[in-house]
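Presented below is the structure to which this report refers.
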């Protein structure tokens with residue numbers, strides 16, 4: 001049976017939440033991340049700032065040279081997490097099949113909800129409208145028969161976008177798009193395809209699977225399927241997941257090790273918060289790195305006991321980066337941190353009996369509560385980069 005998949009992506013989420021909290025900033029370029037003095041990197045930028053060329057992962061100093069009048073605000077992840085939970089409450093009205101990708105985007109499988117709520121497009125518009133009415137935030141929504149097409153659709157008409165793939169016109173919609181819109185096509189792969197005369201999805205689609213695989217290896221088969229609108233991956237809900245991870249794809253490749261360490265700390269905090277929210281703890285920490293040539297590597301380390309502690313996840317991720325990657329390395333396109341190897345609640349409790357770990361667990365709980373109520377900067381961890 002054909003599936004009905006939504007991809008909901010909040011527009012400039014961190015910046016939009018800040019503007020909602022401070023309406024006097026509406027219409028002004030807003031940067032979240034770094035400091036007004038130009039240290040650190042951009043975590044998010046409003047669309048007003050993006051018009052000047054500002055993008056996430058850019059050094060704040062560069063962003064301020066491009067947009068000197070930008071308002072620079074520190075991130076408040078506790079606030080963003082709180083808003084994200086409310087967004088998920090809207091999703092849950094329509095389906096339990098929700099796969100969060102980060103605080104600001106998720107896949108929803110609404111196939112089983114069509115009889116109750118109408119078409120997938122109707123559900124998507126209702127979700128979009130309820131998020132705006134109840135939270136004052138704008139979401140872009142993509143509707144399609146699979147995850148790849150849904151994510152592509154949500155990006156079609158940003159900001160405030162809504163796009164539905166017509167199952168009868170998938171090829172017609174895909175064909176004019178640049179081949180770089182396919183997952184897995186970075187600069188190196190794009191150059192390989194260009195040598196074959198392939199610049200658009202339509203041109204790729206008209207090559208045989210065998211030829212593409214011969215030139216690109218196993219990844220070529222995946223690209224060939226995407227060019228034909230094929231993606232069999234299911235939506236995996238948090239209850240079904242065997243791992244919890246957060247990753248970010250940078251608008252521009254990052255080479256600076258200090259910026260990458262900062263992002264690893266941010267991603268580790270988000271993963272740890274999601275684990276505690278789901279009452280999960282895992283033994284294996286995984287670092288995922290995708291370089292500028294689209295080579296992807298993963299490095300994992302299993303701990304003696306399961307954990308949901310921010311400090312342990314962060315320190316292990318940083319250790320994997322420092323010790324398990326070659327240095328110097330190429331510029332990084334994507335960075336991710338994940339936790340897997342979950343155990344039963346009973347085993348988890350026994351593993352946390354150690355006095356130091358129990359104290360760290362209590363600290364995490366207090367930090368979660370304070371940040372959720374008062375914002376990220378209401379409390380800071382020892383050794384924090386901010």
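Numbering (full-length UniProt numbering), first residue to last: 1 to 386. We treat Cβ as the ideally placed atom computed from N, Cα and C, and that holds for glycine. Everything numeric in this text was worked out from a predicted model, so none of it was measured.
At the level of alpha carbons, what is the spacing between residue i and residue j?
i, j, result
"residue 246", "residue 101", "7 Å"
"residue 78", "residue 14", "11 Å"
"residue 6", "residue 126", "12 Å"
"residue 12", "residue 60", "17 Å"
"residue 84", "residue 103", "6 Å"
"residue 25", "residue 130", "23 Å"
"residue 162", "residue 327", "43 Å"
"residue 321", "residue 253", "17 Å"
"residue 223", "residue 306", "37 Å"
"residue 81", "residue 211", "46 Å"
"residue 275", "residue 308", "6 Å"
"residue 298", "residue 286", "7 Å"
"residue 323", "residue 291", "17 Å"
"residue 332", "residue 62", "18 Å"
"residue 76", "residue 17", "10 Å"
"residue 93", "residue 190", "41 Å"
"residue 70", "residue 154", "27 Å"
"residue 204", "residue 42", "35 Å"
Look up residue i in the DSSP assignment and give the residues it is bridged to.
i, result
"residue 162", "141"
"residue 105", "9 and 102"
"residue 286", "300 and 338"
"residue 254", "332"
"residue 291", "332"
"residue 49", "Paired residue(s): none; residue 49 is not in a bridge."
"residue 281", "According to DSSP, residue 281 bridges with nothing at all."
"residue 307", "282"
"residue 44", "32"
Looking at the unbroken beta strand (DSSP E) that takes in residue i, where does it start and where does it end?
i, result
"residue 58", "Premise fails: residue 58 is in no beta strand (DSSP E) and is neither H nor E."
"residue 73", "71 to 73"
Residues in the same chain with beta-carbon distance under 7 Å from residue i, minus the five sequence neighbours each way, listed in chain order, please.
i, result
"residue 67", "29, 49, 52 and 54"
"residue 219", "184"
"residue 317", "264, 268, 285, 287 and 337"
"residue 176", "200 and 202"
Please go through the same chain and pick out, in chain order, the residues whose beta-carbon is closer than 6 Å to the beta-carbon of residue i, but skip the five residues on each side of it.
i, result
"residue 111", "3 and 4"
"residue 384", "For residue 384, the pLDDT reaches just 44, beneath the cut-off of 50, and the residue's location in the model is therefore unreliable, although a value from the coordinates is still provided. For residue 384, where only same-chain residues beyond five positions count, there are no Cβ hits under 6 Å."
"residue 249", "334"
"residue 336", "245, 247 and 288"
"residue 302", "283 and 284"
"residue 293", "188"
"residue 64", "38"
"residue 124", "6, 141 and 143"
Could you pull out every residue in the same chain whose Cβ sits closer than 8 Å to the Cβ of residue i, ignoring the five residues on either side in sequence?
i, result
"residue 345", "With a pLDDT of only 49 at residue 345, under the threshold of 50, the placement of this residue in the model should not be trusted, and no figure is reported."
"residue 199", "178, 179 and 193"
"residue 91", "8, 98, 106, 108 and 127"
"residue 221", "209, 212 and 213"
So the alpha helix (DSSP H) residue i belongs to, where does it begin and stop?
i, result
"residue 116", "114 to 117"
"residue 32", "Counting along the chain, residue 32 falls outside any alpha helix (DSSP H), though it belongs to the beta strand (DSSP E) covering 30 to 32."
"residue 83", "77 to 92"
"residue 149", "147 to 154"
"residue 135", "120 to 135"
If you measure from the beta carbon of residue i to each beta carbon in chain B, is any gap under 8 Å?
i, result
"residue 304", "Although the question refers to chain B, the structure presented lacks it and comprises just one protein chain."
With a threshold of 7 Å (Cβ to nearest heavy atom), would residue i be considered close to the ligand NAD?
i, result
"residue 89", "With respect to the ligand NAD, the structure shown offers nothing to examine, as it has no ligands at all."
4 or more residues per run - each alpha helix (DSSP H) lying fully within the region 168 to 249: 170 to 174, 187 to 195, 201 to 205, 209 to 216 and 218 to 227
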